[in-house]
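Letter 10 of the sequence shown, counting from 1, is numbered 264 in the working numbering, and no numbers are missing.
Idealized CB from N, CA, C, for every residue including glycine.
Given the structure is predicted, the values throughout are model-derived calculations rather than measurements.
Right, one structure below, let's go through it.
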Amino acid sequence: MKSNALKKIETIKKILPYFKSHLTNCQLCPRNCRINREKQKGFCKMGDEVIIYTALLHKGEEPALVGDRGSGTVFFSGCNLRCIYCQNYKFSHLLKGKSITTDDLARLFLRLQKSGALNINLVTPTHFLPQILESLLIAFKKGLNIPIVYNSSGYEKKEIIQKLDKIVDIYLVDMKYYSKEASIAGSKTADYPLYNKEVVLEMYKQKSQPLWEGKILKEGLIIRHLILPGLFEESIKVIKWIEENVHLALVSLMSQYRPYFKAEKHPLLGRIISYQEYEKVKSYLENTHLEGWIQEFLPPQDLAGPYLLPLDRVKIL
């Protein structure tokens, strides 16, 4: 067993009781529902049973995460946000998915590794952290040794992220909005920017220096930002904040916005972004010293959430 896995095992053993306590008084995210998840469901609409929509060797992530083999991505159902344009609405809002035990989730992680995954990519994991950590503990003991990617909307609590230090190798986090006005319009959540900036700073504290193996990222922080229609100035403010506060983080600028789910009839968000909006944000980013990736203008939709196959139609060797 590799020394890194041994360290992760010891860390999980120390923090697991704390995380399990949230199942009976859940305060894992800023919603602070304080409910017993064994009997009730909070804002995320999830109880104590893990629900996943799909798992696959995903090649639609940033190049540094997928290489030529893919990222071992697990999409968890439910979410602590209500983004009206969510491309993963089938399982984040409509809660489609399949229940899975912690033992089976551990086996899934190991199968993804055996299939060639460069990492284990946990998509929207916050509300299932107690169970995920238990599954990781099992998997590390049985030979899991690839990086762990924490793929988050960015609506997190600093104290939760602090406890994931030494377990998470790569933080892949959204910075959706700079202002509360934009956050209310897109996600009906006024305090997103406040919590988001705080946790990005904590993630940066843990993983400020990217660690590379050739062109593959082994450790680091990737900040994603999706350009939204009518909000290009918001995008520029986000990029400016990143440069001023977490300048060694890798930036992934995305232009794939489509008015999914409830956004179609929204007066601001009911259209795709214009080429002019894209160019203004792209040009601003290119004139900074930040490094990362810029998505082409309106890329193909086939990697978006609505096109993902559910778990029972995905074969993992």
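- What is the rounded straight-line gap between the Cα of residue 295 and the Cα of residue 302? Residue numbering aside, residue 295 sits at position 41 when the sequence shown is read from its first letter. Residue numbering aside, residue 302 sits at position 48 when the sequence shown is read from its first letter. Answer to the nearest angstrom: the Cα atoms are 8 Å apart.
- Query: Do you know offhand how far residue 458's Cα is from residue 530's?
  - Reply: Position 204 of the sequence shown, counted from the start, is the residue given in the question as residue 458. Position 276 of the sequence shown, counted from the start, is the residue given in the question as residue 530. The alpha-carbon atoms of residue 458 and residue 530 are separated by roughly 31 Å.
- Task: Give the single residue among 307, 306, 326 and 304 whose Cα lies nearest to the Cα of residue 313.
- Result: Here residue 313 refers to the residue found at position 59 when the sequence shown is read from its first residue. Out of 307, 306, 326 and 304, 326 has the C-alpha closest to the C-alpha of residue 313.
- Along the beta strand (DSSP E) that carries residue 497, what are the first and last residues, could you check? Within the sequence shown, numbered from 1, the residue matching residue 497 stands at position 243. Taken as a continuous stretch (DSSP letters only), residue 497 belongs to no beta strand (DSSP E), being part of the alpha helix (DSSP H) at 486 to 499.
- Query: Taking the C-alpha atoms as reference points, what is the distance between residue 393 and residue 354?
  - Reply: For the purposes of this step, residue 393 is identified with residue 139 of the sequence shown, where counting begins at 1. For the purposes of this step, residue 354 is identified with residue 100 of the sequence shown, where counting begins at 1. About 15 Å.
- Message: Tell me the rounded alpha-carbon separation between residue 268 and residue 342.
- Response: As a working mapping, residue 268 is identified with position 14 in the sequence shown. As a working mapping, residue 342 is identified with position 88 in the sequence shown. Taking the straight line from one Cα to the other gives about 33 Å.
- CB-CB length for residue 371 against residue 321, believed under 8 Å: Stepping through the sequence shown from its first residue, residue 371 is reached at position 117. Stepping through the sequence shown from its first residue, residue 321 is reached at position 67. That pair is no contact at about 10 Å.
- Message: Taking the alpha-carbon of residue 362 as reference, which of 438, 328, 489 and 539 has the nearest alpha-carbon?
- Response: The residue labelled residue 362 in the question sits at position 108 within the sequence shown. When only C-alpha atoms are compared, the closest one is 328.
- Item | At least three beta-carbon pairs within less than 8 Å, the region 535 to 543 to the region 516 to 525 | The region 535 to 543, when compared against the region 516 to 525, does not touch it at the 8 Å Cβ threshold.
- Query: Whole beta strand (DSSP E) runs in the region 297 to 371 with 3 or more residues, listed along the chain?
  - Reply: Qualifying beta strand (DSSP E) stretches, in chain order: 304 to 312, 325 to 330 and 352 to 354.
- Assign residue 288 to one of two classes, buried (16 or more other C-beta atoms within 10 Å of its C-beta) or exposed (fewer than that). Here residue 288 is taken as the residue at index 34 of the sequence shown, counted from 1. With fewer than 16 Cβ atoms within 10 Å of its Cβ, residue 288 is classed as exposed.
- Can the beta-carbon of residue 477 be found closer than 8 Å to that of residue 453? Residue mapping note: residue 477 aligns to position 223 of the sequence shown, counting from 1. Residue mapping note: residue 453 aligns to position 199 of the sequence shown, counting from 1. Not in contact: residue 477 and residue 453 (Cβ atoms no closer than 8 Å).
- Message: If contacts are defined as beta-carbon pairs under 8 Å, then residue 427 and residue 408 qualify, I think. What distance do you get, rounded to the angstrom?
- Response: Indexing the sequence shown from 1 puts residue 427 at position 173. Indexing the sequence shown from 1 puts residue 408 at position 154. Your pair residue 427 and residue 408 checks out as a contact, with CB atoms roughly 5 Å apart and the cut at 8 Å.
- Item | residue 263 in three-state terms, based on DSSP | Within the sequence shown, the letter at position 9 stands for residue 263. In the structure shown, residue 263 falls within a helical segment according to DSSP collapsed to helix, strand and coil.
- Message: Using only the alpha-carbon positions, how far apart do residue 534 and residue 464 sit?
- Response: The sequence position of residue 534 within the sequence shown is 280, counting from 1. The sequence position of residue 464 within the sequence shown is 210, counting from 1. Distance between the alpha carbons of residue 534 and residue 464 is about 28 Å.
- Would you give the residue range spanned by the beta strand (DSSP E) that residue 413 belongs to? Working through the sequence shown from its first residue, we reach residue 413 at position 159. Annotation: residue 413 is outside any beta strand (DSSP E); the continuous alpha helix (DSSP H) that includes it extends over 412 to 417.
- Flag residue 343 as yes if its beta-carbon sits less than 8 Å from any beta-carbon of chain D, otherwise no. Among the protein chains of the structure shown there is no chain D, as only one such chain exists.
- Query: For the alpha helix (DSSP H) that residue 408 lies in, which residues bound it at each end?
  - Reply: Indexing the sequence shown from 1 puts residue 408 at position 154. Counting along the chain, residue 408 falls outside any alpha helix (DSSP H), and DSSP gives it neither H nor E.
- residue 406 and residue 356: beta carbons closer than 8 Å? As a working note, residue 406 is residue 152 in the sequence shown. As a working note, residue 356 is residue 102 in the sequence shown. By the CB criterion at 8 Å, residue 406 and residue 356 fall outside the cutoff.
- Query: Do residue 359 and residue 304 have their CB atoms nearer than 8 Å?
  - Reply: Walking along the sequence shown from the start, residue 359 turns up at place 105. Walking along the sequence shown from the start, residue 304 turns up at place 50. In this structure, residue 304 lies closer than 8 Å to residue 359 by Cβ.
- Task: Note the first and the last residue of the continuous beta strand (DSSP E) segment covering residue 505.
- Result: Residue 505 sits at position 251 when you count from the first residue of the sequence shown. Unbroken beta strand (DSSP E) run through residue 505: 504 to 508.
- Close Cβ partners of residue 444 (< 7 Å) along its chain, the five nearest in sequence each way excluded: As a working mapping, residue 444 is identified with position 190 in the sequence shown. Closer than 7 Å at the Cβ level, and outside the excluded window around residue 444, lie 434, 437 and 438.
- So is residue 418 buried or exposed if we call it buried at 16+ other beta carbons inside 10 Å? Position 164 of the sequence shown, counted from the first residue, corresponds to residue 418. Classification of residue 418: buried, given that the 10 Å Cβ count is 16 or more.
- According to DSSP, residues forming a beta bridge with residue 438: Translated into positions along the sequence shown, residue 438 becomes position 184. Per DSSP, none; premise fails for residue 438.
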